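Step one of this worksheet: look at the structure below.
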Amino acid sequence: MTSNISKEFSPSTRAIIVSWSIVIIGVFAPLLGVGAAAVLAGRYGYFGWTDFILFFGMYILGMIGITVGFHRLFTHRSFEATKPVQFVLGVLGSMSFQGRLLEWVGRHRIHHQHSDQKGDPHSPHVPHGPGFWGRIRGFLHAHVGWALAPDHPGLEKYAPDLLKSRMICMVSSMFLFWAVLGLLIPAGLGYAINGWMGALTGFLWGGLVRVFLAHHATWSVNSICHLWGRRRYATSDKSRNNLLVGVLALGEGWHNNHHAFPTSTRFGHRWWELDLGYYVIRLLAMLGLAWKLKKPPVPMGQNS
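Residue numbers (our numbering): 11 to 314.
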């Protein structure tokens, strides 16, 4: 039987099946976790401060991994950091269940090359049909549909600089291990504090619910921040600044600012534009763990 299966499915086909399975589980399992957590909390009262702290702490750490690590450091090389910091940021980003580091970087670099044009993997503006329903389909594609569509071939080739680092390649290849670890850590802490029920609620709130919110906060940058908000800079795409996404995604919502100056470490260009990711980078620089923080080549807000 094994030989027949091997003949029927080539190694590339099996890899595609495994990849699709991971994507489907990663997208829909957190939704089921949200439902289970809501039932346990609403009907049986199983939700307390421990669960909130695990949820909030894991959410902040995971989103720092995405915005500071995957996005600003690895994709745009907006600053440099020590290898231990690179490793930690790569692991934290992987715990958010958003795919392998190298593939994430490759996909986002393609997005910037073709932003809101043909070839952009998650634009709501590339034609999805006429009228109101076409706009709805565009929004859904930009928000989550792109994750279920066939990926651009050879994403890793768009990150040749990162492929030179054996450590980064290792972190990327171990994505599934880090992602599962991100679910087990809050479960383990919950067990240590509140026993087996604490392990279950910790797994749900610090694990699946946290992943669910992090997914939608990040995906909102692709969808909401290309549809609704303010355009401070006259960029060639339709990127926009959105306050709500800016807060939930630790600064990522200042998307028009970012597309105007993609290599800048700072996304929030006004004192009131909360950008926690930038504050983390500044803290790392103060501690001597990061350096060469890039700034916009022209004064921020020039096109305000």
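Glycine included, each C-beta is placed from N, C-alpha and C at the ideal position.
These figures come from a predicted structure and were not determined experimentally.
Going by DSSP, residue 104 is part of the alpha helix (DSSP H) stretching over 93-104.
For the pair residue 305 and residue 202, the Cα-to-Cα distance works out to about 44 Å. With a threshold of 16 other beta carbon atoms within 10 Å, residue 221 meets it and is buried. Counting only unbroken stretches of 4 or more residues, the alpha helix (DSSP H) elements lying wholly within the segment 100-161 are 111-123, 141-150, in sequence order. With a cut-off of 8 Å on Cβ pairs, the segment 75-82 is in contact with the segment 275-290, counting three or more such pairs. A contact between stretches requires three or more CB pairs, one per stretch, nearer than 8 Å, and the segment 176-183 meets this requirement with the segment 96-105.
Residue burial is scored here from C-beta neighbours: residue 54 has fewer than 16 other C-beta atoms within 10 angstroms and is therefore classed as exposed. Scanning the segment 31-89 from its first residue to its last, no whole beta strand (DSSP E) run of 3-plus residues comes out. Residue 233 counts as buried, since no fewer than 16 other beta carbons sit within 10 angstroms of its beta carbon. With respect to residue 72, residue 103 sits close: the two C-beta atoms are nearer than 9 Å.
Looking at the DSSP output, residue 251 bridges to 240, 264. Residue 211 and residue 51 have their C-alpha atoms roughly 9 Å apart. Nearest to residue 235 by C-alpha distance, out of 254, 224, 246, 217, is 254. Shown here for residue 277: same chain residues with a beta carbon closer than 6 Å to its own, the five before and five after excluded, namely 261, 264, 267, 268, 285 in chain order.
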